[in-house]
Amino acid sequence: MLIIALIVLPTTMLRAKDNSGKADSLPAIDVAVEFVDHAACAYVAHDRGWFARDGLTVHMYDNYVTGMALAAALARGDIQAAYVCLIPAINLYANAGIPIAVVAGTHKHGYGLVVNPDKITAPQDLEKTGVRIGCVREGGSVDVLMMKLIDNYHLDRKAVLANVSRMSPPKLLLACRMNRLDAAFLPEQWATMAENTGFAMLLTSHDIWPSLQGSVLVVKRELIEKRPDCVRKLVQVTKESTRWLNDERHEAARIVAAHLSEMRDKLLPDMNNKQCFDITPAVITRSMSRMDFTTDIDPQVIDDIIRYMQEIGYIDSVILGGDLLNLHFMNDE
Amino acid sequence: MNKIRITTGIIPVLVFLGLWELLARTAFSPGQELLPPFTSVLAELFSLIVSGVLADSFVRSLSRVLIGFVTGSSAGLLVGVLLGWNKHLDKTFRPIISLLYPIPALGWLPLFMLWIGINEMLPIAIIFICSFFPVCYSTASGVKNVPHEQVWAARTLGATDIRILRTIVIPLALPSIFTGLRIEAGMAWRVVIAAEMVAIPTGIGALMMRAESLLKVDVIIVCLMVLSLMCFCFEKVLLLMEKRLTAAWLNNAEH
Amino acid sequence: MPNIELTGITNYICRDIALTVRDGEFLVLLGPNGSGKTTLLNVIAGLVKYRGSVTFDGIPVDTVPPRMRRIGYISQGLALFPHMTVAANIAFGLQTRQKDSGVITRRVRNMMEMVRITHLADRHPGTLSGGEQQRAALARALAPEPDVFLLDEPFAKLDVMITKHLRIELKSLQRSLGTTTIYVTHNHREAEELGDRIAILNEGQLIQAGTPEEIFFEPHNDDVSEFIGSPNVFHCDHSKKIVTGLAETTCGGMTIVVPSDDGYAIKKVAILPRDVYISKANPPGPELNRYTGRIIDIIASPHLTRIRVQVEGHVLVSEIPTETMGQLGLSPGETVHLILKLNRLKTLSARDHDSSHRVREQAPAVKQTSPGRHA
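Residue numbers (our numbering), protein chains in the order written: chain A, 2 to 334; chain U, 10 to 264; chain C, 38 to 412.
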């Protein structure tokens, strides 16, 4: 009996070590995901099981309502990665000092200005007294886009800003629906959803800022230092997912629409009976057609965006795109 | 003695600031990136002053507070005197005031946003409400607590009701009135910040919200420091006014 | 200065009170707490509601507000305005009628000189002693030269020595000004010292009104008698002057030496039980007003004990603290020695008797009851 125990026990221990080693090799990653179709690649990857296939246990969190909440969660280590718009990520790094790195892109563009066509026909109309403009709070991507539009068309910044009411995209959409606004700067898919309320797209980010980067994948530098293998896998899955959704646009739209509808029911429970909040595959298809889904990032574009944000006083610290980017994993296969 | 008192008062503050600086600069816990060192906050304060942003925001908040506080307190004073002086008015209106008083000032915000809209009047109206009820209550209480013997003495000395109110009742009610004013002075600042955070695009509250969305924690802390300083200054000014008007007699009144 | 006539005064405390206060008189309203004396004062001042009629010199003042009744009023708490200086307090009543600040200033100075508080002009009432506050209250009430002066136990919170001096000063002031004055107190000694006449109230009713001598020697009922201390009263057959300031009276077999200027026709002699000294042994001292008697009975209560002693055909009552009674160890049937304290003896001469009877007030008939029961 003693001999059997001596043989069996070490074997068991080895196997356990082996198993546990496998289980320990890729710990769970908590990832924040935006409640928009900008994060299509993440939804697709999750739906098709690619994270799990590659040994990643990814917990997706979609309830970070404000940038500060996201910043706090990243700072505390509650989440280690996020699919988030580039401009808020720059704020996270430059203003809040969160040690993050952008390791991949997800798409370009995905923002627009929707207007009541009876009241607004040109950007210059935004300066007029009494015009009601909606936009997210300062530091959001569409807010920076709005500032860029003001500069491009040489509008009176003070006059336009005096007409702006700040609110979140769901509230902006509702305000459009109820005719409380004449114009709204919105991210996709909200901009496309606003078209169903009778508003029309006047300008997109293609028109205002042709090279604008949309969302990116950011990870905590600590994760890069301690678990580069996780980051590598994450980037690879993001690349694969992005390729797939470009090829299978309709199926991707169906997946994304299903995810977003489910999230809408959780995050906006009192909105799901309002028609304007329907997130259908058709809406997502149209919305996604306004974005260029690619993981490529142009560091020069990042520099331009940072410089512009410094110009308008949104960031004070002197940083370069290179400080924020870590594209090594992009080059790994 | 004063020097010792000032010194002993400052030391804990300096220790607190020193600890803050130290903790912010050492890696002691996750999430501390969101705590900028005190010196960074000071640098941001200086930068905001030089750029004029802080002054502009401050003046806007200050004007709202002053208008709302002065009008609300004045109305509260007037109504409080009437309720404290006249039993019939008190019986008639006290139930209504008792119903409305417990509603926190910010509770009126959604309703006022609909009734007044989002404009300069909104924060002023909230501050008016915030100031009116407590000052009304403390005034009415102060007027009622003036010993009736004083009023009777004044009557027998030939004074009319107006003169009695002006020269006897209101001066004797001042300690109670000032208590209400001092409490609400600080509250007015808290309320204006909250109203600006929610609805108004200018002022210290709006600056804080802008800083929050831009993740500028140092600016948020600067705004909180300004808020704290203003609450302190207002309360101190009112305390000095009260001392000036009542110190000569109040301490010995219970002789 | 007006005659004040109260007729049928009734309110939450007063019950159908009728009273006349003569021009220039110092009337004391005397009674226990809750008897209605302060309320009656406030009725005269117009400060409380009432049914009935108040007239000043025959003119009804029921609809006249207090500020127009020309009264000077001092309440129990004095009610000096704590936020004003003494000078400002005194000036307050003058500012209603007088616009000339020079006149006001002079009058204020005069009043302060009169009550000797000139050095306190810039002080606030809270920094003054009790006596100083009294003087300030007096000056304030008198400054506007009121026709009627109403005082509600103004000395109640002061110590005995200060009160004594202030009473003398008040009486002297009132005499010199001739202002009709009504003074409220629950202390019958104070009432006797100050009042030209005393009106005794109990449970909202006027029990008796008359001169101090009338009240002392001819209380209308047991309540009054008990309130003023239930004095021993002796009817005198004969009196004669023995030396200046002293007279000898013969009262039913007892010889009593009393303080008297002329010893003229002393009708009655009275002394309060607490001023009758009692002991087992004959104490040393002059042989004046000393008597021997036998204890009839002893009536003990928690604080005071009354001892009834038979002395030559009279029953004298002596009153001592109950704890002293325990030390003396007296019992009925025992022989004891009594001394009537000379300076506590009161006399009623034929002159006093006649004049007091001419002005006796018509008080409503009240049954002789003990305190606490309705009439």
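All residues carry an ideal CB built from backbone N, CA and C; glycine is no exception.
Among the options, which has the Cα closest to the Cα of residue i?
| i | options | result |
| --- | --- | --- |
| A:Arg-265 | A:Tyr-94, A:Val-165, A:Trp-191 | A:Trp-191 |
| U:Leu-54 | U:Leu-32, U:Val-228, U:Lys-252, U:Tyr-146 | U:Val-228 |
| A:Tyr-84 | A:Ile-99, A:Ser-212, A:Pro-100, A:Tyr-62 | A:Tyr-62 |
| U:Asp-65 | U:Arg-103, U:Arg-14, U:Leu-216, U:Ile-15 | U:Leu-216 |
| A:Gly-98 | U:Leu-249, U:Leu-98, U:Arg-34, U:Gly-214 | U:Arg-34 |
| A:Pro-282 | A:Ser-242, A:His-251, A:Leu-269, A:Met-292 | A:His-251 |
| U:Arg-69 | U:Ala-204, U:Phe-121, U:Ile-192 | U:Ala-204 |
| A:Leu-328 | A:Glu-139, A:Val-45, A:Gln-237 | A:Gln-237 |
| A:Leu-57 | A:Lys-234, A:Glu-241, A:Leu-268 | A:Lys-234 |
| U:Leu-109 | U:Ser-140, U:Ile-133, U:Leu-31, U:Thr-165 | U:Ser-140 |
| U:Leu-249 | U:Leu-190, U:Ile-230, U:Ala-197, U:Val-235 | U:Leu-190 |
| U:Ser-222 | A:Asp-119, A:Ile-91, A:Leu-150 | A:Ile-91 |
Quick one: give me the first and last residue of the alpha helix (DSSP H) that residue i is part of.
| i | result |
| --- | --- |
| C:Lys-305 | Segment 303-308 is the beta strand (DSSP E) holding C:Lys-305; no alpha helix (DSSP H) there. |
| A:Tyr-94 | 87-95 |
| U:Phe-137 | 130-153 |
| U:Met-250 | 226-259 |
| A:Thr-286 | 282-289 |
| C:Met-198 | 197-214 |
Buried or exposed: where does residue i fall if 16 or more other Cβ atoms within 10 Å of its Cβ makes it buried?
| i | result |
| --- | --- |
| C:Asn-269 | buried |
| U:Gly-93 | buried |
| U:Leu-247 | buried |
| C:Asp-189 | buried |
| A:Asp-38 | buried |
| U:Phe-25 | exposed |
| C:Lys-404 | Reliability of the predicted coordinates at C:Lys-404 is poor, the pLDDT of 35 falling under 50, and no value is obtained from them. |
| U:Leu-23 | exposed |
| U:Lys-245 | exposed |
| C:Tyr-49 | exposed |
| A:Met-310 | buried |
| U:Cys-232 | buried |
| U:Ile-105 | exposed |
| A:Thr-122 | exposed |
| A:Leu-321 | exposed |
| C:Val-185 | buried |
| C:Val-140 | exposed |
| C:Phe-253 | buried |
State yes or no: is the C-beta of residue i within less than 8 Å of the C-beta of residue j?
| i | j | result |
| --- | --- | --- |
| C:Ile-111 | C:Val-80 | no |
| A:Ala-184 | A:Leu-173 | no |
| C:Lys-317 | C:Leu-375 | no |
| C:Pro-183 | C:Ile-96 | no |
| U:Gly-214 | U:Met-206 | yes |
| A:Ile-298 | A:Gly-106 | yes |
| U:Pro-180 | U:Leu-259 | no |
| C:Pro-321 | C:Gly-266 | no |
| C:Leu-117 | C:Pro-162 | yes |
| C:Leu-231 | C:Phe-63 | yes |
| A:Phe-1 | A:His-108 | Any answer about residue 1 of chain A is impossible in this case: the structure gives chain A only from 2 up to 334. |
| A:Trp-210 | A:Leu-146 | yes |
Which two residues bound the contiguous beta strand (DSSP E) that contains residue i?
| i | result |
| --- | --- |
| A:Val-220 | 216-221 |
| C:Gln-245 | 242-247 |
| C:Cys-288 | 283-288 |
| U:Ile-76 | That residue, U:Ile-76, is in no beta strand (DSSP E); its alpha helix (DSSP H) goes 62-94. |
| A:Tyr-112 | 112-116 |
| C:Lys-378 | First-last for C:Lys-378: undefined, no H or E at that position. |
| C:Pro-296 | 291-296 |
| A:Cys-42 | Segment 41-48 is the alpha helix (DSSP H) holding A:Cys-42; no beta strand (DSSP E) there. |
| C:Ser-90 | 88-93 |
| A:Met-61 | 59-62 |
List the residues of chain D that residue i touches, going by C-beta distances under 9 Å, in chain order.
| i | result |
| --- | --- |
| A:Leu-93 | The structure shown contains no chain D; its protein chains are A, U and C. |
Proximal residues, the stretch 181-193 of chain U versus chain C, C-beta separation under 9 Å: Leu-181, Leu-183
Closer than 8 Å between beta carbons: that is the criterion. Which residues of the stretch 195-226 of chain U meet it against chain A? Pro-210, Met-218, Arg-219, Glu-221, Ser-222, Leu-223, Leu-224, Lys-225, Val-226
Using a beta-carbon distance cut-off of less than 7 Å, what residues from the stretch 91-105 of chain C approach chain U? Pro-103, Arg-104
Give the residues from the stretch 144-162 of chain U that approach chain C closer than 8 Å (Cβ to any Cβ), ordered along the chain. Pro-156, Glu-158, Gln-159, Trp-161, Ala-162
What are the residues in the stretch 269-286 of chain C lying within 9 Å of chain U by C-beta distance? none
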